[in-house]
Each structure stands twice: as C-alpha cells, then as structure tokens.
Amino acid sequence: MQLFAKALQAVTLGDDAERLFHGRGGMYDGCEHLCLDWFPPVLLLTSFKSIEENEVALLTKCIAERWRQLKGECQLNLVFQHRCAGQTQTHLLQGEVPEPHYVDENGAQFQVHLLRGQNHGLFLDMRAGRAWVKQHSKQRKVLNLFAYTCGFSVMALQGGADEVVNIDMSKGALSIGKQNHLLNGFAHGARFLGHDIFKSWGKLTKFGPYDLIVADPPSNQRGSFVATKDYARLLKRLPSLLAEQGDLLLCLNAPELDIAFLKQQVEEQSPSLMFIEQLANPEVYLDKDPNKALKVLRYQHKPT
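Quick note on our numbering: the sequence shown kicks off at 6 and runs consecutively.
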C-alpha cells in the first residue's frame, strides 16, 4: 500500500486517457494486482486478485487524497473493477460516470463504457501502437484485423490513410467503432466487416493488397482466437495480403508467451517476412520481465 501511495504522488491528470499506475509490471512489490487508469473525468481502479473491502477503502483513501491535491474540491469520480477467478465485478465507488462517455487520445476521441463488462472500449496499453499507425498511414491502404472498436482505424485516417478495412467477429464492437469514426468526422474512408477472419480471406484479398496491416488479436478467446494455435494459421495468409513495401504490425498481449514465441511463429509460417523492430510500450507499462509485457513487432517483406 505504501508503494502505491508513493507512486500516486508522481501522478498527474492530463486531458488524455492513460494508465497512471501499472502494478502488473512487477515494479511495485505487493501491488502486482493493482492498476489505476484515467478516463477523464473518471478514475478506474482495477484489482486482478481477491481483495478485501478494507483494502479497497484504504486504496480509495489514497486516491482521494491525491485527487484533492490535484483537483481541489472537484468531485472525485472513481470506479472499481474486481477481476478474480474468471469473474468480473464493477462498482461505482464515488461520483458518477458520464453517459455517453467520450475520452481523448492523441487528437482523437473515443467512446468508452467503464461500467459494462471487462473491456472498456479502448485498450490503453496500445497507445504507442496507435500513435505509430497515425504517423505511418499517409496515402496508404490499411487492414485492421481484430479491429474491436477500431482505434487503429481512426488513427490511420487521422494520419491520412486512403482507406481502412476493419474486420472483427463482434458486430457490437464494430458498431461502436463506426460511432468512433463519426465522432472524429470520418463518415467515409473505412469499411467494417463483421466476419470471422479465418473465413473471410477471399473478401480481404479482394480489397487488398494493403500497405499496412495491423494484427492485434485476443490472446486466448475461445471461438475467436487462441494464440498458441491460431497465430500460425494467421501468419500463413498475411504475407499474401501485404503490399511489396508494406508494413505488418503483429501484436501479442499474453504474459505466458514471450517474444521468441511470436518470432518463431513468423520464421516457421512466413519465411518471406523480415523483422524490422519492436515498438516500445508507453513508459508507464515498464515490466520487470519484458517478455511478459505487450509485444508489438514490425515486419516487412524480405527484399528479393
């Protein structure tokens, strides 16, 4: 608790949504189960293990003290999400949550929903990846695989992409993605395909080839994607969709699977691809073991 309270003293509250405290990186002994996120004007505290009510009360007290230092008498809006044994429970501890709730990131706006479900509409750990896409999308055709609520697509269009094709099995997530595009003034320029990627290669090939492909799949979601068996299936197909001078971003957020796993999958299934670089995560996501952190690897075709 002392380490959490001490870390809070370095926290500031800006205009953009961002992670403020990342205990899961193992840099704060005893706080590995805790994360604190800022979805203005709401703070979200998450515990990834069973936690007693008195500990929640102490954490709330620490957060409220830092809030008063930063915001004075402004109302504290605090949501607590408890994830344990495969169950997720979410509670509003103080204040309120706007409805609808829009947040900013790097010049774009996104709709989020903190009180519904485990995922909130915007994965904050992929902030640097979305920024990279925004910087490298000008006059390019982009394929956004496992698009979720289409954060990469919005950033690509802000960066000047000619067209983005978004595909995801969840039509509900894509519906929010469409709203995100309209929220940012993009009534045109994006396609939204509510299909199983593994059954849609003909359609994806028809719209290609692509100058930039982003593959950000769930690591272990039955019925959608399980990295240990499905990344190989994906990599057998991706090189044929990638333009000659194109970039491919492969993402993996599974602590149990290291960087070597993903690189080996590429070597075995896509020998025509060449590793270029690993994108750095936002500084707040520093991890004692980099292999457990989010991995975003950039590939291109090998020169012929």
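Ideal placement from N, C-alpha and C gives every residue a C-beta, glycine not left out.
Under the three-state DSSP convention, the category residue 89 falls into: strand
For residue 171: DSSP bridge partner residues: 149 and 197
Limits of the alpha helix (DSSP H) - the one that residue 310 falls within: There is no way to answer for residue 310, as the model of the chain reaches only from 6 to 309.
Beta-carbon contacts of residue 64 that lie in its chain and below 8 Å, excluding the five residues immediately before and after: 6, 9, 39 and 50
Cβ neighbours of residue 196 in the same chain (closer than 6 Å, five flanking residues each side left out): By the criterion of a C-beta distance shorter than 6 Å, residue 196 is surrounded in its chain by 170, once the five residues flanking it on both sides are discounted.
Cβ contact check for the stretch 209–228 and the stretch 251–269: 3 or more pairs under 8 Å: yes
Three-state secondary structure assigned by DSSP to residue 226: strand
DSSP beta-bridge partners of residue 291: For residue 291, which the question treats as bridged, DSSP gives no partner whatsoever.
Candidates 53, 25, 19 and 205, of which the one nearest residue 90 by Cα: Of the candidates 53, 25, 19 and 205, the one whose C-alpha sits nearest the C-alpha of residue 90 is 53.
Residue 151 to residue 282 span [Cα, whole Å]: 22 Å
Per-residue DSSP class, three states only, for residue 38: DSSP, read as helix, strand or coil, puts residue 38 in coil.
Residue 73, DSSP secondary structure in three states: Residue 73: helix per DSSP, three-state reduction.
Where the beta strand (DSSP E) through residue 302 begins and ends: 300–306
Beta-bridge partners of residue 256, as assigned by DSSP: 301
Closest by C-alpha distance to residue 249, when choosing among 213, 261, 284 and 260: 213
Residue-level contact to chain C via CB, residue 230, 8 Å cutoff: In the structure shown, chain C does not exist; there is a single protein chain.
Integer Cβ distance of residue 304 from residue 280, believed to fall under 8 Å: 6 Å
Buried or exposed (CB count within 10 angstroms, at least 16 for buried), residue 204: Exposed, by the Cβ-count rule.
Sequence-distant residues of its chain with Cβ nearer than 6 Å to residue 155 (five each side left out): 171, 182 and 185
Assigned secondary structure, residue 112 (DSSP; H/G/I helix, E/B strand, else coil): coil
Distance CB(residue 225)-CB(residue 259) smaller than 8 Å: yes
Classification of residue 135 by the beta-carbon crowding that lies within 10 angstroms, buried from 16 upward: buried
Start and end residues, beta strand (DSSP E) containing residue 27: 23–27
DSSP-derived helix/strand/coil call for residue 235: helix
Beta-bridge pairing of residue 43 - partner residues as DSSP gives them: 23 and 48
Per-residue DSSP class, three states only, for residue 161: Residue 161 sits in a helix when the DSSP states are folded into three classes.
Residue range of the beta strand (DSSP E) that includes residue 219: 215–220
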